[in-house]
Amino acid sequence: MITGIAENVPLNSHIQFDAVLPLKSLLESPDVYMGWDGGVSAATFVKLSNAGLAQVVNSKLPDFLYPKINKKNEGTGHFSEMYLEPFLNIHLKSKADWDYFDKKEAKTVYILLLIGCLVFAIAMLNYLFISSGILVFRHKEFGIKKYLGMSKTDILWQFQMESSFIFGFSLGLALILIYIFRTSISSLFGVDFITFQMQKSLPYLILLGTLISGFSGWLMYKLYSKSKLNIQKLNVSQALFRSKRLVYVSAFQFCISMVLIVAVLGINKQLNYVLSKDLGFKSDHIINISHGAVGVKRKVLISELSSIPGVVSASASYGIPGLESTANGYKPQGFDEYFMCSALYVDDNFLKTFQIKLLDGREFAKGDSTDTQVFLINETLAKQLNWKHSLGKNIYRDGNHEVIGVVKDFTVGLLYEKIPPLIISKEGARNFYSLSIAIKPDDIQSTLKQVESTWEQLVPGATFEYSFLDKKFGELYSDVNKTINILTIFSSLSILISILGLFGITFLLIGSKIKEIGIRKVNGAKVIELVQWLNKEFIVSVLVAFMVACPLGFYVMSQWLETFAYKTILSWWLFAFAGMIAFCIAIITVSWQTIRAARRNPVEALRNE
Numbered sequence: 019m020i021t022g023i024a025e026n027v028p029l030n031s032h033i034q035f036d037a038v039l040p041l042k043s044l045l046e047s048p049d050v051y052m053g054w055d056g057g058v059s060a061a062t063f064v065k066l067s068n069a070g071l072a073q074v075v076n077s078k079l080p081d082f083l084y085p086k087i088n089k090k091n092e093g094t095g096h097f098s099e100m101y102l103e104p105f106l107n108i109h110l111k112s113k114a115d116w117d118y119f120d121k122k123e124a125k126t127v128y129i130l131l132l133i134g135c136l137v138f139a140i141a142m143l144n145y146l147f148i149s150s151g152i153l154v155f156r157h158k159e160f161g162i163k164k165y166l167g168m169s170k171t172d173i174l175w176q177f178q179m180e181s182s183f184i185f186g187f188s189l190g191l192a193l194i195l196i197y198i199f200r201t202s203i204s205s206l207f208g209v210d211f212i213t214f215q216m217q218k219s220l221p222y223l224i225l226l227g228t229l230i231s232g233f234s235g236w237l238m239y240k241l242y243s244k245s246k247l248n249i250q251k252l253n254v255s256q257a258l259f260r261s262k263r264l265v266y267v268s269a270f271q272f273c274i275s276m277v278l279i280v281a282v283l284g285i286n287k288q289l290n291y292v293l294s295k296d297l298g299f300k301s302d303h304i305i306n307i308s309h310g311a312v313g314v315k316r317k318v319l320i321s322e323l324s325s326i327p328g329v330v331s332a333s334a335s336y337g338i339p340g341l342e343s344t345a346n347g348y349k350p351q352g353f354d355e356y357f358m359c360s361a362l363y364v365d366d367n368f369l370k371t372f373q374i375k376l377l378d379g380r381e382f383a384k385g386d387s388t389d390t391q392v393f394l395i396n397e398t399l400a401k402q403l404n405w406k407h408s409l410g411k412n413i414y415r416d417g418n419h420e421v422i423g424v425v426k427d428f429t430v431g432l433l434y435e436k437i438p439p440l441i442i443s444k445e446g447a448r449n450f451y452s453l454s455i456a457i458k459p460d461d462i463q464s465t466l467k468q469v470e471s472t473w474e475q476l477v478p479g480a481t482f483e484y485s486f487l488d489k490k491f492g493e494l495y496s497d498v499n500k501t502i503n504i505l506t507i508f509s510s511l512s513i514l515i516s517i518l519g520l521f522g523i524t525f526l527l528i529g530s531k532i533k534e535i536g537i538r539k540v541n542g543a544k545v546i547e548l549v550q551w552l553n554k555e556f557i558v559s560v561l562v563a564f565m566v567a568c569p570l571g572f573y574v575m576s577q578w579l580e581t582f583a584y585k586t587i588l589s590w591w592l593f594a595f596a597g598m599i600a601f602c603i604a605i606i607t608v609s610w611q612t613i614r615a616a617r618r619n620p621v622e623a624l625r626n627e
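With our numbering applied, the sequence shown corresponds to residues 19 to 627, in that order.
The following block contains the structure:
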């Protein structure tokens with residue numbers, strides 16, 4: 019019975035739901051176990067009367083938890099703990115290793131913010147540098163205006179108005195483009211932040227634009243005053259941009275661009291390396307159904323599903339390889355201390371369904387009542403215990419359990435992490451919630467219809483909801499793919515801005531050397547010689563940028579790769595490719611404008627001078 023309608027949850031909330039049900043109905047369900055020692059878990063929210071009480075509550079939680087679970091687990095090596103976490107920290111800064119709700123990495127947000135700031139810095143540097151250079155070519159304008167009585171305040175006001183117009187026009191154009199491409203942007207970031215965030219952010223954007231435009235207008239006025247631009251004292255060849263700052267500006271742009279290129283290529287290389295890594299088990303053409311009724315109906319479900327022609331095998335379990343597992347404390351034979359090991363509770367079809375290789379020993383025997391007190395272990399655990407012969411050894415947890423086999427290592431948790439020591443057991447079959455079905459690739463739709471029909475007959479009232487295991491893996495690492503796409507776009511933007519900045523700098527540089535170009539040409543200099551002459555400065559800037567970008571990019575990527583247990587190497591070609599792109603951009607941009615200037619009639623340049 020529906021008792022009320024809740025207002026839609028804001029899109030920027032990490033708690034999203036379609037319906038809210040009373041927890042009591044879940045606790046009373048015979049098919050669901052919820053207890054201090056396991057079962058279905060629930061996220062718990064606590065509202066304190068005073069925020070300062072959080073530390074007091076945290077200090078009392080160990081004593082509260084001891085009689086509930088830790089007293090029972092004394093001597094098993096398993097210890098449960100609770101702590102309060104600020105609600106506002108959950109989405110980005112949660113320390114919990116498990117949560118129902120959508121969470122993101124704060125590190126990813128900070129990286130994207132840093133990249134955005136760097137791209138913005140490149141754009142601002144280009145604007146300020148080129149604007150200061152253009153002042154040289156406006157000497158007649160300001161000279162005449164000063165002659166006609168224009169005061170310093172009027173000149174400052176003009177700079178401010180020009181700067182405000184440029185930034186206002188840019189902000190308006192940016193908002194229009196964001197609105198036009200809002201669907202693509204939302205898809206890129208995985209959230210429609212434009213709908214709920216744009217109105218909140220717009221005042222801050224306008225304020226930021228106003229401050230920056232005001233600062234740039236004031237800076238242009240200061241540069242104008244410092245350079246004493248007037249009719250009598252102007253010398254274009256002595257302009258501000260004809261100094262080593264040209265090399266610094268170009269080198270900074272190319273350095274940032276090369277670091278971003280290395281980052282994008284490195285992240286792509288690492289992701290492909292990780293995702294192409296052998297999982298150790300079959301994940302394609304396996305569908306997964308998660309439901310509390312699986313444990314109770316597993317025998318009849320597997321029996322009926324196995325009779326479907328398109329089904330290869332079916333298995334029920336508590337945990338899913340590569341996605342979900344639990345962990346417990348175990349004391350192996352010959353050791354006095356407990357080891358924390360990951361654990362999967364499975365039936366006797368598990369190895370067959372996932373095609374997991376058995377290295378030594380035997381599989382679980384058929385039947386619910388057989389092999390319930392024996393273990394399979396993975397080769398990582400066998401190596402960690404340094405057992406020469408694992409078969410026949412005992413592992414203690416609520417009694418001794420004989421090791422009957424060793425399986426080849428397969429992915430248990432995230433691909434970023436090392437494969438942990440693992441124990442596979444047939445215990446607790448009634449708590450199984452996961453049903454994995456390996457199907458033939460032929461006529462998948464027909465097989466799915468038969469599986470759905472069987473499910474609805476055996477578990478009436480339960481919605482048939484399934485997912486392909488390999489698709490689940492793709493969704494698990496979708497955030498990484500989004501980050502790569504964002505990095506690629508930002509890198510492309512930085513390169514584009516660098517090209518535009520280099521185009522403007524080259525224009526100013528060549529404009530300041532028109533007379534020199536004319537004299538060289540009159541004296542017999544060829545176009546190719548002029549191109550080589552003007553390219554020298556920019557080749558230097560690319561080399562400087564390359565020398566800085568290589569160690570910087572190597573350090574940044576090395577730190578990022580440390581978060582992976584299995585990582586690729588940073589090949590030399592990543593840096594060479596980034597440097598080659600920057601070099602080609604510089605050569606093509608400068609050469610194109612130089613050729614245009616060199617083909618002009620030198621008499622015109624000398625006459626103007």
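All residues carry an ideal CB built from backbone N, CA and C; glycine is no exception. Note that the structure is a prediction, hence the values are computed from the model and not measured.
Pairwise C-alpha distance: A596 and G522:
22 Å
Could you check where the alpha helix (DSSP H) with M358 kicks off and where it finishes?
Counting along the chain, M358 falls outside any alpha helix (DSSP H), though it belongs to the beta strand (DSSP E) covering F357 to V364.
Using 8 Å as the threshold, is the C-beta distance between I455 and L323 below it?
yes
Give the range of the beta strand (DSSP E) segment to which F700 is assigned.
Since the first residue shown for the chain is 19 and the last is 627, residue 700 is missing from the structure and cannot be characterised.
Among T501, L588, L526 and W551, which one has its Cα closest to the Cα of K125?
T501
Strictly under 8 Å for the Cβ-Cβ distance: is N286 near chain B by that measure?
The structure shown has no chain B; it contains just one protein chain.
Three-state secondary structure assigned by DSSP to T612
helix
First through last residue of the alpha helix (DSSP H) which encompasses N553:
V545 to L579
Quick check on the DSSP output: what are the complete alpha helix (DSSP H) runs of length 4 or more inside the stretch 143-229, in order along the chain?
157-165, 170-198 and 200-207
Taking the alpha-carbon of S243 as reference, which of F272, F160 and S268 has the nearest alpha-carbon?
F160
Nonlocal neighbours in the same chain, by C-beta distance under 7 Å from I613, ignoring five residues either side:
V545 and V549
Can you look up N26 in the DSSP assignment and give me helix, strand or coil?
coil
Measuring alpha carbon to alpha carbon, tell me which of E180, A480 and S294 ends up nearest E585.
The residue you asked about is not Glu; residue 585 is Lys in the sequence shown. Out of E180, A480 and S294, S294 has the C-alpha closest to the C-alpha of K585.
I'd like to check one pair, F428 with F582: are the Cβ atoms closer than 8 Å?
no
Got a sec? Which residues, its chain only, sit under 7 Å from D296 by beta carbon, not counting five neighbours each side?
none
Using the Cα positions of S510 and D488, report the straight-line distance between them to the nearest angstrom.
31 Å
Which residues does DSSP pair with H419 in a beta bridge?
I413
Quick check: the Cα distance between A281 and N107, rounded to an integer number of angstroms?
28 Å
For R448, count the other beta carbons within 10 Å of its own beta carbon; 16 or more makes it buried, fewer makes it exposed. Which is it?
exposed
What residue range does the beta strand (DSSP E) around D378 cover?
L376 to G379
Would you tell me roughly how many angstroms separate the C-alpha atoms of G310 and K317, rounded to the nearest one?
14 Å
Counting C-beta neighbours from all protein chains within 10 Å, is the total for P439 16 or more, i.e. buried, or is it exposed?
buried
Taking the CB atoms as reference points, tell me whether S331 and N290 lie closer together than 8 Å.
no
Segment contact, 8 Å Cβ cut-off, at least three pairs: the stretch 341-358 with the stretch 369-379
no
Coil, strand or helix - N499 by DSSP:
helix
Under a Cβ-count criterion, where at least 16 other Cβ atoms within 10 Å of its own Cβ denotes burial, should I249 be classed as buried or exposed?
In this prediction, I249 scores a pLDDT of 38, lower than 50, which makes its location untrustworthy; the coordinate-derived value is nonetheless stated afterwards. So I249 counts as exposed.
Under the three-state DSSP convention, the category M238 falls into:
helix
Using alpha carbons as the reference points, say which of L319, E435 and I173 lies closest to V292.
E435
Can you name the start and end residues of the beta strand (DSSP E) that V64 belongs to?
First-last for V64: undefined, no H or E at that position.
Starting from the C-beta of G284, find all residues in its chain whose C-beta is less than 7 Å away, skip the five residues before and the five after it, and write them out in chain order.
M575, L588 and L592
So what does K349 bridge to, in DSSP terms?
Y414
Could you tell me if R415 is buried or exposed, where buried requires 16 or more neighbouring beta carbons within 10 angstroms of its beta carbon?
buried
Report yes if the CB atom of I437 is closer than 8 Å to the CB atom of I513, and no otherwise.
no
In three-state terms, what does DSSP make of P339?
coil
Rank I148, E103, L432 and D36 by C-alpha distance to the C-alpha of A61 and give the top, closest one.
E103
Rounded straight-line distance, which links the Cα of E474 to that of F482
7 Å
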